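Participant: Residue numbers (our numbering): 2 to 415.
All C-beta atoms in this analysis are idealised placements derived from N, C-alpha and C, irrespective of residue type, glycine included.
Only a predicted model underlies this, so the values are computations on that prediction, with no experimental measurement involved.
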Ligand SMILES: Cc1cc2nc3c(=O)[nH]c(=O)nc-3n(C[C@H](O)[C@H](O)[C@H](O)COP(=O)(O)OP(=O)(O)OC[C@H]3O[C@@H](n4cnc5c(N)ncnc54)[C@H](O)[C@@H]3O)c2cc1C
């Protein structure tokens with residue numbers, strides 16, 4: 002039977018960082034991964050470019066995690082965004098900052114991030130064991146016994162669970178960690194999809210698939226409540242809508258949807274203009290090109306593909322000339338430009354969510370070390386913990402920071 006000072010379960014960003022930190026403390030470390038390669042979610046992240054962190058301040062970072070922000074303070078203080086940037090740059094991988102403080106490798110390739118992590122694993126003498134799905138973990142008096150699906154049994158002084166969440170299951174994160182933690186006495190805060198595209202009642206969205214609306218904002222309204230977005234981008238898909246604005250507010254929208262049946266989302270296509278300014282703009286357009294078809298007149302104001310849908314919703318004949326539009330029709334146009342409606346009927350399933358909300362209750366984890374408050378010697382890192390954020394590099398930083406803290410704390414206490 003093999004014995005490791007520290008056994009880490011799951012070779013995602015959290016598990017790799019935990020294993021590297023434990024290895025650097027000169028402990029024997031086994032990193033158990035159920036798949037045949039590490040970091041498969043890293044390769045998908047940031048559309049294959051990996052938005053690895055964000056340069057906003059600690060204060061802003063914590064607010065991105067809502068109620069769980071405070072729990073992460075020590076982990077971020079120990080190993081934060083600049084530390085992560087230095088970690089990659091120390092191995093020759095330069096990073097760059099893009100809009101909204103998002104950090105990416107200059108190569109624009111997620112695989113560059115993974116390559117650096119693999120180099121650190123080698124240097125830290127971590128034994129990485131692929132095709133090893135850990136199925137059970139038992140706590141004995143002074144050690145843990147881990148059983149692998151292939152029948153192998155391993156003993157370890159400390160265990161770090163970093164099995165990820167439950168979405169994009171083909172990457173390996175299929176919820177195993179929750180079952181293992183539960184068997185050891187932990188509470189799992191109910192799981193729900195986070196950062197997930199929304200489905201609309203309107204079937205015509207299919208025709209707009211791939212169209213991005215830039216500089217828009219939206220208001221989501223149910224009978225009793227509303228959510229107003231920032232200004233940003235919205236993407237039409239074959240089933241509904243996606244894009245950063247939608248993904249970031251998806252959990253809040255889904256929570257409201259549970260209680261109210263009717264839920265409409267109104268897109269403000271011209272958030273920078275008031276109704277009066279829009280009226281002036283339309284009048285100017287009609288004066289300049291009143292003899293053109295209305296669809297031609299709108300070309301300067303709306304994306305080309307949106308125009309037929311827009312006119313259809315207004316019930317306008319597309320051959321109508323600009324100078325034939327009545328005052329009342331102009332006001333209908335303004336209303337639609339400011340509140341383009343879509344009925345939201347739900348979200349894509351958990352499988353399609355970028356993060357899993359819920360997970361191991363933070364009440365049962367010591368924030369100073371990431372050690373379980375229920376089972377001494379058991380640690381958690383990454384998305385398995387009930388602490389997820391909006392998009393922007395925050396979730397990967399969480400995985401790296403909690404992994405760092407857990408790896409170091411576990412190794413030091415062996
Ligand atoms: C499409 C997509 C894009 C994303 N883009 C970004 C982005 O740009 N920026 C950002 O900050 N976040 C992004 N995220 C979120 C980010 O990828 C995750 O938050 C992060 O990967 C979580 O890291 P983790 O190590 O906790 O879990 P994971 O990355 O899910 O890794 C868990 C690992 O554990 C292994 N495992 C599971 N069970 C077992 C078991 N029983 N035995 C052994 N091994 C096991 C899995 O095979 C997997 O390798 C994205 C997510 C998705 C799905």
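#1: Nearest-angstrom Cα distance between residue 47 and residue 393?
#2: Kindly identify the DSSP beta-bridge partner or partners of residue 8.
#3: In the DSSP assignment, find the alpha helix (DSSP H) that holds residue 182 and state where it starts and stops.
#4: Mind checking who residue 294 pairs with in its DSSP beta bridge?
#5: If we count the other Cβ atoms within 10 Å of its Cβ and call it buried at 16 or more, is residue 39 buried or exposed?
#6: Give the range of the beta strand (DSSP E) segment to which residue 347 is assigned.
#7: What's the C-alpha gap between residue 208 and residue 201?
#8: Between the stretch 95-104 and the stretch 148-161, are three or more C-beta pairs nearer than 8 Å?
#9: Which residues in the same chain have their Cβ closer than 7 Å to the Cβ of residue 1, if we skip the five residues on either side of it in sequence?
#10: Rounded to the nearest angstrom, what separates residue 25 and residue 52 at their Cα positions?
#11: Consider the C-beta atom of residue 177 and the heavy atoms of ligand 1; say whether any pair is separated by less than 8 Å.
#12: Just list the residues that DSSP pairs residue 221 with in beta bridges.
#13: To the nearest angstrom, how far is the alpha carbon of residue 94 from that of residue 244?
#14: Under the assumption that residue 230 contacts residue 195 (Cβ atoms under 8 Å), give the Cβ distance between them as a whole number of angstroms.
#15: Could you pull the DSSP bridge partners for residue 380 from this structure?
#16: Under the assumption that residue 80 contacts residue 405 (Cβ atoms under 8 Å), give the Cβ distance between them as a whole number of angstroms.
#17: Once DSSP output is grouped into helix, strand and coil, what is the label at residue 304?
#18: Classify residue 94 as helix, strand or coil using the three-state DSSP reduction.
#19: Quick check on DSSP: helix, strand or coil for residue 139?
#20: Work out the CA separation of residue 62 and residue 70 for me, nearest whole Å.
#21: How would you write the range of the beta strand (DSSP E) that residue 128 sits in, first residue to last?
#22: Taking 8 Å as the cut-off, is the CB of residue 110 close to at least one heavy atom of ligand 1?
#23: Would you say residue 42 and residue 14 are within 9 Å of each other, going by their C-beta atoms?
#24: Which whole-angstrom value describes the C-beta separation of residue 407 and residue 381, a residue pair presumed to lie in contact below a C-beta threshold of 8 Å?
#25: Evaluate contact between the stretch 225-241 and the stretch 292-304, counting only Cβ atoms and requiring at least three cross-stretch pairs below 8 Å.
#26: Would you decide whether residue 215 is buried or exposed? Buried here means 16 or more other CB atoms lie within 10 Å of its CB.
#27: Within its chain, find whatever has a CB closer than 8 Å to the CB of residue 384; leave out the 5 residues flanking it on each side and keep chain order.
#28: One question on the structure: do residue 112 and residue 122 come within less than 9 Å of each other, judged by their Cβ atoms?
Facilitator: Looking at the coordinates:
#1: Taking the straight line from one Cα to the other gives about 9 Å.
#2: According to DSSP, which records beta bridges pairwise, residue 8 is partnered with 31, 160.
#3: That run of the alpha helix (DSSP H) goes 177-184.
#4: In DSSP, residue 294 forms a bridge with 322.
#5: Buried.
#6: Its beta strand (DSSP E) spans residues 341-348.
#7: Each residue's alpha carbon lies about 13 Å from the other.
#8: The stretch 95-104 vs the stretch 148-161: no contact.
#9: Absent from the structure is residue 1, since the part of the chain shown begins at 2 and ends at 415.
#10: For residue 25 and residue 52, the distance between alpha carbons rounds to 26 Å.
#11: Taking the Cβ of residue 177 as the reference point, at least one heavy atom of ligand 1 falls within a distance shorter than 8 Å.
#12: For residue 221, the beta-bridge partners assigned by DSSP are 228, 266.
#13: Roughly 28 Å between the two C-alpha positions.
#14: The C-beta separation of residue 230 from residue 195 comes to about 16 Å, leaving the pair out of contact by the 8 Å criterion.
#15: For residue 380, the beta-bridge partners assigned by DSSP are 161, 372.
#16: Going by Cβ atoms, the distance from residue 80 to residue 405 rounds to 4 Å, so yes, they are a contact pair.
#17: It is coil, neither helix nor strand.
#18: Residue 94 falls in the coil class under three-state DSSP.
#19: If DSSP states are grouped into helix, strand and coil, residue 139 belongs with the strands.
#20: Looking at the two C-alpha atoms, the distance is approximately 8 Å.
#21: Element bounds for residue 128: 127-130.
#22: The answer is no for residue 110.
#23: Taking the C-beta atoms as reference points, residue 14 is found nearer than 9 Å to residue 42.
#24: The pair is a contact, with the Cβ atoms about 7 Å apart (cut-off 8 Å).
#25: They do not touch, by the three-pair rule.
#26: With fewer than 16 Cβ atoms within 10 Å of its Cβ, residue 215 is classed as exposed.
#27: By the criterion of a C-beta distance shorter than 8 Å, residue 384 is surrounded in its chain by 13, 15, 165, 166, 174, 356, 357, 360, 396, 399, 400, once the five residues flanking it on both sides are discounted.
#28: Inclusion of residue 112 and residue 122 in the CB contact set at 9 Å is not warranted, their separation being larger than that value.
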